[in-house]
Each structure stands twice: as C-alpha cells, then as structure tokens.
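The structure appears below as structure tokens.
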Amino acid sequence: MPRYAMVIDTRRCTGCHSCTIACKIHNELPVDVIYNPVVTKGPEGVFPHVHMEHLPLLCMHCANAPCVNACPTGASQQREDGIVFVEEAKCVGCKACLMACPYGARVFVPSKGVVQKCNFCLEQLELGKEPFCVRTCHQKARIFGDITDENSQVFQLVHKEGAEPLLPELDTEAHVFYIRGSEAKML
Numbered sequence: 460m461p462r463y464a465m466v467i468d469t470r471r472c473t474g475c476h477s478c479t480i481a482c483k484i485h486n487e488l489p490v491d492v493i494y495n496p497v498v499t500k501g502p503e504g505v506f507p508h509v510h511m512e513h514l515p516l517l518c519m520h521c522a523n524a525p526c527v528n529a530c531p532t533g534a535s536q537q538r539e540d541g542i543v544f545v546e547e548a549k550c551v552g553c554k555a556c557l558m559a560c561p562y563g564a565r566v567f568v569p570s571k572g573v574v575q576k577c578n579f580c581l582e583q584l585e586l587g588k589e590p591f592c593v594r595t596c597h598q599k600a601r602i603f604g605d606i607t608d609e610n611s612q613v614f615q616l617v618h619k620e621g622a623e624p625l626l627p628e629l630d631t632e633a634h635v636f637y638i639r640g641s642e643a644k645m646l
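Numbering of the sequence shown is given in the working numbering, commencing with residue 460 and proceeding in unit increments.
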C-alpha cells in the first residue's frame, strides 16, 4: 500500500496561484472557500539582497491527524494510504476538526453546513493521475508520490534532500514537506 505525500519547493514557487485556481475549479468551491492558499512573505531586505517566499498551504495529511481524533461523528477519516478526508454525509458542521487542525487547513462551508478540505484529489488518484495542484504548477514546485517507495522523487527529496514538514515540533507526522531556501524560512 502506498503512503502518499507531497513536497513543495518554495524556491521554485512564483506565487502565480495556478494551484489555487485549479483546486477551486475542480472542486467547484464557492468564492470564499480555498483549500489551497498561497501565503506570500516579504519582500524583506535591501536591494540587491531582497528575499520573498511564496508558501502554498494545504491539508498536511498527518499520520497523527488531530482533526480525525477530534471529530465526534467519524466524518473526518484517514485512509490506509494516509489521505485524510471528510465524509460529508457524516459531517454535522460542529467544527471540532477545524479547531483541532494546527495548520488551519479546513474550511467551513456555510451553504453546505459542513467542513471541507484538500483530499489530494482522491478521484484523480483513483484514475492514476496526480492532484490538480501538482499538474497545473508551471514551475514544478509540487512533487507528489509514494513516500514509502525508495525510488520515488518524494522519497528522495524527504530522505536525501532535506525536505521537512512545515511545523515539525507539532509531532503530527505531516505528509506535506517543504524545501525552503535558508533565507526564506520566515514563516
């Protein structure tokens, strides 16, 4: 069984928001709902030493997912391949999972009365395709794959190139990893 993960190289991200737009279109999200925002930090410094970072954020698909543990109805679940998802039919909109997520990666959709989030485009994975945010990234800043496969690019980037979770001190065992320039670690 694969264990899906994503690596985001912030040194390559230009903040174009193609990932955000593709996600919104694919998931038919309301205007005020975003699963995949890109936060820009900077610019900081003085020319010619100016630094800026674009940091795409999304559900971290944690192995130790606080949101799953907090859900009183079992709507927040984790598959064997590690993908965390919300079964909307079971969601009562109590927002316990939203409050439990330390990354702020869940959103309440008032028109539906449920909490939603990134699910790595499950239906695309079942078709053998990568998530839309990965496929639409012009700069190839997002890499998706099986972190248990030693031959995968994700495995190599995490285990040999130093990609790391956004907030490792949380011990959630996040499965979205980041490669950040040394001057970019501002967030």
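All C-beta atoms, glycine included, are put in the ideal place defined by N, C-alpha and C.
Beta carbon of Ala481 nearer than 7 Å to that of Phe579: It is not a contact, given that the beta carbons lie outside the stated cut-off.
Just reading off the alpha helix (DSSP H) that Arg594 is part of, what are its end residues? Run containing Arg594: 591-594, per the alpha helix (DSSP H) assignment.
Enclosing beta strand (DSSP E) for Phe603 [first to last residue]: It spans 601-605 - the beta strand (DSSP E) in which Phe603 sits, taken as one unbroken run.
C-alpha gap between Tyr463 and Phe614, whole angstroms: If you draw a straight line from the Cα of Tyr463 to the Cα of Phe614, it is about 10 Å long.
What's the call for Gly541, buried or exposed, on a 16-neighbour Cβ count within 10 Å? Burial call: buried.
Is Thr595 near the ligand FAD - that is, is its Cβ less than 6 Å away from at least one heavy atom of it? Although the ligand FAD was asked about, the structure shown includes no ligands whatsoever.
Helix or strand or just coil, what does DSSP make of Pro502? Here Pro502 sits in strand by DSSP.
Secondary structure at Ile493, three-state DSSP: helix, strand or coil? When DSSP states are grouped into helix, strand and coil, Ile493 belongs to the coil group.
Cα-Cα, which of Val574, Thr473, Glu620, His520 is closest to Cys553? Taking each of Val574, Thr473, Glu620, His520 in turn and checking the Cα distance to Cys553, the smallest one comes out for Val574.
Just how far apart, CA to CA, sit Glu620 and Ser570? CA-to-CA, the gap between Glu620 and Ser570 works out to about 43 Å.
Nearest candidate by alpha-carbon position, reference Val498, set Val492, His476, Phe506: Nearest of Val492, His476, Phe506 to Val498, Cα basis: His476.
Assuming Leu517 and Cys577 form a contact by the criterion Cβ under 8 Å, report the distance between their Cβ atoms to the nearest whole angstrom. Leu517 to Cys577, Cβ: 4 Å. Contact.
Would you give the residue range spanned by the beta strand (DSSP E) that Ile467 belongs to? 463-468 is the extent of the beta strand (DSSP E) around Ile467.
Could you pull out every unbroken beta strand (DSSP E) segment of at least 3 residues lying fully inside the stretch 550-580, listed in chain order? Counting only runs of 3 or more residues that sit fully inside the stretch 550-580, the beta strand (DSSP E) segments are 566-568, 573-575, in chain order.
For Pro515: DSSP bridge partner residues: Paired residue(s): Val497.
Name the residue from Cys530, Arg538, Gln537 whose alpha carbon lies nearest to the alpha carbon of Val551. The candidate whose alpha carbon is nearest that of Val551 is Cys530.
Skipping 5 residues on each side, what residues in its chain have a beta carbon closer than 8 Å to that of Met519? So the qualifying residues of the chain are Tyr562, Ala564, Pro624, Leu625, Thr631, Ala633, His634, Val635.
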